[in-house]
Amino acid sequence: MNTETGGASSVRRVAIMAGAGFVPGMNAVVMGAALAAGELGWEMVGIRDGFEGVLHPERYPDGGLVTLSPQLAESLDPGGRGILGQSGRVDPFHVRTIDEDDMVQEVDMSDELLTRLKAERIDAVISVVGSRGLSIIYKLHRKGLNIVGIPRSIENDVAATAVSFGFNSALSFTIEMLDRAREAAQSARKIAVVEVLGAQAGWIALQAGIAAGADAVLIPEIPCDLQTVAERLKEKMTPSRDYGLVVVAEGVQFLDSPQARADKPVAASLKASLSPLATGEAGEHVILRSGQAAQTVASRLQLLIAEETQPLVLGLWVRGGAPTAVDRQLGLAYGAGAVRGLNASKNGVMVAFVPPDIQFVPLAEAINKVRTVPADSLFVKIAQSLGICLGGKL
Amino acid sequence: MNSPSDKSSGPTGIVLNIQRYCSHDGPGIRTNVFLKGCSLRCKWCANPESIHFKPELAYAPNLCTGKQACGLCLKPPFPEGAFYVVEGADDKVRVNWDLATDVDEALVALCPTDALDMYGKRMTVGEVLDEVEKDASIYRNSGGGMTLSGGECQLQPDFAAALLAGAHERGINTAIETAFNVPWSFCEKVLPHVDTVLHDHKLSIPERHKKWAGVSNERILANFKKAYETFPDTDFIARTPLIPGVNADEEHIRAVLAFIRPYKNVIDYELLPYHRFGLGKYESLGVVYELDDYKTPSDELVAHLQAIIDEAFGRSG
């Protein structure tokens, strides 16, 4: 296994696939990669549903691979649903199978995957994946697969890149929904407590909360004291301003809970350490805890203040819809960047957006890191300047 | 009382745990022997550590003293990238479960605080039975014995059969907990040595069974019938883990009753209100619990369904 960093590329035929979990605008990445490959005279194919199209081609009447000619790529709707489809889980090392005796087991099909890719004359794979997917493609790279990763994360928690694909669209939609929640709270004279995505990293909550003019933003990185939040709400609420907006990341931590004590992990260890045993069909192994953070904060706050609280949950809503202009551009850039990397004989790397450049980070350095909100983050300072309560000490 | 067995002979199996003083898994007070490996993937599973055959890594974050105080697992001989810490004040080790699949018992033994552990170990029939036999007097006084559980205990048919036959030789009553999703040839080995068979009727409709438990129930239902008919002198107790929104409804209960009532050796039908005792185990395995949003069934619902069962068994009034 080598992370090559130069030399003439021998790549002629490239496959692109998407990891588990949908984000808006996948077609933009596919377009970027296919068009860039076309410029180099390479052939680009898409693998349907993660690696399913290669591992189980018999399930697809039109074949498990889709040829992505420049003509087809140009005709793709960059705002449309991904042409590649998706799989609930993408882990060739633990493929759930049912044998002839009707018994379920997880089978390592990584060798078969590599063999089949070779049989399809695929020289390299571009993989659009989240944090866990990076570890899986790193394992495939260690087994000899020529692979380049593109970071895709709604939470923007992939540490090696400034912005993961998918984050901006989620952020934009969250802001829109917070605006609505704020107006609804105003008309109902309540305090809206809105839970947004962010089990480990509070970027969406913080940035959307700032944009929507929240009264308080509670993120996993800053364990909160709800008494402090309640005091701030009391200060802000007057007879003429009898509503409020509290934004809560789903991974919120409380100073008075065991999870927030100094000797306990602050970030959700469960999400931080997803196991290969976490098997299941589409979307079934996400943490189904939506609503718990909002419910907890709303019910506890209501005991501390006179006003009524209203828990609301965005949850999976942010995974659908059209991508923003930023994500379209980013998707195209990531796709084209991956091809540029392969053309420069980069292997076992992740494409990273390090403004103003597109760079390449070895997968070994990209895994096992979480991009959380640092205490000295510009967004934290902005929130403080705007009088937004963050609920705890920084 | 028999002398301790020769621990080096006979079949061996992967045992997850031996739990003494159990009172809900067969008659009297019992010792449950949990065998590792299951052929279903029930989303409500309370024993996720029992699903896979091989012994596997478990991690207890509360026992980890962190990188600064220890950090042993961050260096060789532990696999590269298998363990890590994130930036910030919290320096407890985290597990990259995708890269920690090769961590074995020898490596786990290096952890000085036992934060790393293994679920499951290979044992001989003699080793298990010697442990079980420690409570022989309690079994005699309470009418209890040994219950093989899992996982799916029938997936290790030779080991299970040897354990059950050995228990009988030592005068110990036997029971198994099974879902019957195994080839009938496995049942033929195991069932002749069982006094009480506790078996799950999870869902009645094949498509729904596949959705929630991983496979259709057609083979399971066929095994039920064959077992009832082949072993008329064995006691069978049907059970349903009640999960609201999945199977905690009258229709399912009545379907199960219609299935079992023609067989006189199915002596009872028990409801097991869904609990979430397994949650902590999921965390130590790094596995996400799929049914976290589901509630436990209400007392009223359980009472209502139980009344239907009591009526069918002629216990009402």
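From first to last, the protein sequence lines stand for chains C and W. Residues in the first sequence are numbered consecutively from -9, following the working numbering. Residues in the second sequence are numbered consecutively from 12, following the working numbering. Heads up, the beta-carbon is just placed ideally off N, CA and C, and yes, glycines get one too.
Practice task
Compare the Cα-Cα distances from Met99 (chain C) to each of C:Phe83, C:Asp89, C:Thr87 and C:Gly192 and report the closest residue.
Solution key: By 1-based counting over the first sequence, the position of residue 99 (chain C) is 109. A check of alpha carbon separations from Met99 (chain C) across C:Phe83, C:Asp89, C:Thr87 and C:Gly192 identifies C:Phe83 as the nearest.
Practice task
For the region 124 to 178 of chain W, list the beta strand (DSSP E) runs that are entirely contained and at least 3 residues long, ordered along the chain.
Solution key: 127 to 130, 132 to 135 and 156 to 160
Exercise for the section: Helix, strand or coil for Asp279 (chain W), going by three-state DSSP, please let me know. Expected result: The residue given as residue 279 (chain W) occupies position 268 in the second sequence. Of the three classes helix, strand and coil, the one that applies to Asp279 (chain W) here is strand, per DSSP.
Exercise for the section: Under 8 Å between beta-carbons, which chain W residues line up against Lys129 (chain C)? List them in chain order, please. Expected result: Numbered from 1 along the first sequence, position 139 holds the residue referred to as residue 129 (chain C). Within 8 Å Cβ-Cβ: Asp109 and Leu110.
Exercise for the section: For Asn358 (chain C), return the contacting residues in chain W, with the cut-off set at a CB-CB distance below 7 Å. Expected result: By 1-based counting over the first sequence, the position of residue 358 (chain C) is 368. Per Cβ cutoff of 7 Å: Gly92, Tyr95 and Asn107.
Handout entry: chain W contact residues for Arg122 (chain C), given Cβ-Cβ distances below 7 Å
Key = Position 132 of the first sequence holds residue 122 (chain C). Near Arg122 (chain C) (Cβ distances below 7 Å), the residues of chain W are Asp109.
Practice task
Would you verify that the beta carbon of Ser125 (chain C) is, or is not, closer than 8 Å to some beta carbon of chain W?
Solution key: Looking up residue 125 (chain C) in the first sequence gives position 135. It does: the Cβ of Ser125 (chain C) has a partner Cβ on chain W nearer than 8 Å.
Problem - Local Cβ density within 10 Å of Asn152 (chain W), reported as buried at 16 or more and exposed below that - result: Your numbering for residue 152 (chain W) matches position 141 in the second sequence. By the 16-neighbour rule on beta-carbons within 10 angstroms, Asn152 (chain W) is exposed.
Handout entry: Coarse secondary structure for Met225 (chain W), derived from DSSP in three states
Key = Taking the second sequence and counting its residues from 1, one reaches residue 225 (chain W) at position 214. Sequence inspection shows Gly at residue 225 (chain W); the Met mentioned does not correspond to that position. Three-state DSSP puts Gly225 (chain W) in coil, outside helix and strand.
Exercise for the section: Identify the contact partners of Val226 (chain W) in chain C, using a Cβ-Cβ distance below 7 Å as the criterion. Expected result: Translated into the one-based positions of the second sequence, residue 226 (chain W) becomes position 215. Those are Ile88, Asp92 and Val94, listed as they occur along chain C.
Exercise for the section: Output, in chain order, the set of chain W residues within a Cβ distance shorter than 8 Å of Ala284 (chain C). Expected result: Against the first sequence, residue 284 (chain C) aligns to sequence position 294. The contacting residues do not exist; Ala284 (chain C) stays about 13 Å from chain W at best.
Handout entry: Closer than 9 Å at the beta carbon, the chain W residues around Thr362 (chain C)
Key = As a first step, residue 362 (chain C) is located in the first sequence; it is residue number 372 there, counting from the start. What Thr362 (chain C) touches in chain W: Val97, Glu98 and Gly99.
Exercise for the section: Pull up the distance between the alpha-carbon of Gly78 (chain C) and that of Gly310 (chain C), whole angstroms please. Expected result: In the first sequence, counting from the first residue as 1, residue 78 (chain C) sits at position 88. In the first sequence, counting from the first residue as 1, residue 310 (chain C) sits at position 320. Approximately 15 Å, taken between the alpha carbons.
Exercise for the section: Using DSSP bridges, identify the partner residues of Glu96 (chain C). Expected result: The sequence position of residue 96 (chain C) within the first sequence is 106, counting from 1. Paired residues: C:Arg86.
Exercise for the section: Tell whether a beta-carbon distance below 8 Å holds between Val329 (chain C) and Leu30 (chain C). Expected result: Locating residue 329 (chain C) in the first sequence gives position 339, counting from the first residue. Locating residue 30 (chain C) in the first sequence gives position 40, counting from the first residue. Closer than 8 Å, so yes.
Exercise for the section: Classify Tyr32 (chain W) as buried or exposed, calling it buried when 16 or more other Cβ atoms lie within 10 Å of its own Cβ. Expected result: The residue labelled residue 32 (chain W) in the question sits at position 21 within the second sequence. Counting Cβ neighbours within 10 Å, Tyr32 (chain W) comes out exposed, since fewer than 16 surround it.
Practice task
Could you give the DSSP three-state label for Val351 (chain C): helix, strand or coil?
Solution key: Against the first sequence, residue 351 (chain C) aligns to sequence position 361. If DSSP states are grouped into helix, strand and coil, Val351 (chain C) belongs with the strands.
Practice task
Identify every run of the beta strand (DSSP E) within the region 116 to 150 of chain C, keeping only runs that are complete inside it and at least 3 residues long; order them along the chain.
Solution key: 137 to 141
Practice task
Identify, in the order they occur along the chain, each residue of the same chain with its Cβ nearer than 7 Å to the Cβ of Val56 (chain C), setting aside the five sequence neighbours on each side.
Solution key: As a working note, residue 56 (chain C) is residue 66 in the first sequence. Excluding residues within five positions, the ones whose Cβ falls inside 7 Å are Val35, Gly36, Arg38 and Ile73.
Exercise for the section: Tell me whether Ile73 (chain C) sits in a helix, a strand or coil according to DSSP, three-state version. Expected result: As a first step, residue 73 (chain C) must be located in the first sequence, where it is residue number 83. Three-state result, Ile73 (chain C): coil.
Problem - Unbroken stretches of the beta strand (DSSP E), 3 residues or longer, contained in the region 290 to 365 of chain C - result: 299 to 303, 339 to 344 and 347 to 352
Problem - Simplified DSSP assignment, three categories, for Arg251 (chain C) - result: As a first step, residue 251 (chain C) must be located in the first sequence, where it is residue number 261. The predicted position of Arg251 (chain C) is uncertain, since its pLDDT is 39 and thus under 50; a value taken from the coordinates is nonetheless stated next. Correct three-state label for Arg251 (chain C): coil.
Exercise for the section: Mind listing, in chain order, the continuous alpha helix (DSSP H) runs of no fewer than 4 residues lying wholly within the region 86 to 126 of chain W? Expected result: 116 to 119
Exercise for the section: Would you check if the distance between the CB atom of Gly188 (chain C) and the CB atom of Ala195 (chain C) is smaller than 8 Å? Expected result: As a working mapping, residue 188 (chain C) is identified with position 198 in the first sequence. As a working mapping, residue 195 (chain C) is identified with position 205 in the first sequence. Yes, the pair counts as a contact, with Cβ atoms nearer than the cut-off.
Exercise for the section: Would you please verify whether the beta carbon of Ala201 (chain C) is less than 8 Å from any beta carbon of chain W? Expected result: Against the first sequence, residue 201 (chain C) aligns to sequence position 211. Nearest CB-CB separation between Ala201 (chain C) and chain W: not below the 8 Å threshold.
Exercise for the section: Return the CA-CA distance between Leu322 (chain C) and Asp81 (chain C), expressed in angstroms with no decimal places. Expected result: Locating residue 322 (chain C) in the first sequence gives position 332, counting from the first residue. Locating residue 81 (chain C) in the first sequence gives position 91, counting from the first residue. Taking the CA atoms as reference points, Leu322 (chain C) sits about 25 Å from Asp81 (chain C).
Handout entry: Coil, strand or helix - Phe247 (chain W) by DSSP
Key = Your numbering for residue 247 (chain W) matches position 236 in the second sequence. Note: Phe247 (chain W) maps to strand in three-state DSSP.
Exercise for the section: May I ask which residues mark the beginning and end of the beta strand (DSSP E) holding Leu46 (chain W)? Expected result: Counted from its first residue, the second sequence places residue 46 (chain W) at position 35. Residues Arg41 to Leu46.
Problem - Any C-beta of chain W under 8 Å from that of Ala191 (chain C) - result: The residue labelled residue 191 (chain C) in the question sits at position 201 within the first sequence. False, the Cβ-Cβ gap to chain W never drops below 8 Å.
Handout entry: Proximity of Val287 (chain C) and Val242 (chain C) at Cβ, strictly below 8 Å
Key = For the purposes of this step, residue 287 (chain C) is taken as residue 297 along the first sequence, with counting starting at 1. For the purposes of this step, residue 242 (chain C) is taken as residue 252 along the first sequence, with counting starting at 1. The answer is yes: Cβ separation under 8 Å.
Handout entry: Alpha carbon of Ala126 (chain W) to alpha carbon of Ile319 (chain W), nearest angstrom
Key = For the purposes of this step, residue 126 (chain W) is taken as the residue at position 115 of the second sequence. For the purposes of this step, residue 319 (chain W) is taken as the residue at position 308 of the second sequence. Each residue's Cα considered, the two are about 47 Å apart.
Handout entry: Inter-residue Cα distance where the pair is Leu214 (chain W) and Gly75 (chain C)
Key = Here residue 214 (chain W) refers to the residue found at position 203 of the second sequence. Here residue 75 (chain C) refers to the residue found at position 85 of the first sequence. Taking the straight line joining both Cα atoms gives about 31 Å.
Exercise for the section: Only counting runs of 3 or more residues, tell me where the beta strand (DSSP E) segments fall wholly within the region 172 to 221 of chain C, in order along the chain. Expected result: 181 to 186 and 206 to 208
Problem - Close Cβ partners of Arg111 (chain C) (< 7 Å) along its chain, the five nearest in sequence each way excluded - result: Counting from 1 along the first sequence, the entry for residue 111 (chain C) is found at position 121. For Arg111 (chain C), where only same-chain residues beyond five positions count, the Cβ hits under 7 Å are Arg3.
Exercise for the section: Indicate whether Val219 (chain C) and Leu291 (chain C) have their beta-carbon atoms separated by less than 8 Å. Expected result: On the first sequence, position 229 is the one that residue 219 (chain C) refers to. On the first sequence, position 301 is the one that residue 291 (chain C) refers to. A Cβ-Cβ contact shorter than 8 Å links Val219 (chain C) with Leu291 (chain C).
Practice task
Express the C-alpha separation of Ser(-1) (chain C) and Ala334 (chain C) in angstroms, rounding to a whole number.
Solution key: Position 344 of the first sequence holds residue 334 (chain C). Position 9 of the first sequence holds residue -1 (chain C). Looking at the two C-alpha atoms, the distance is approximately 6 Å.
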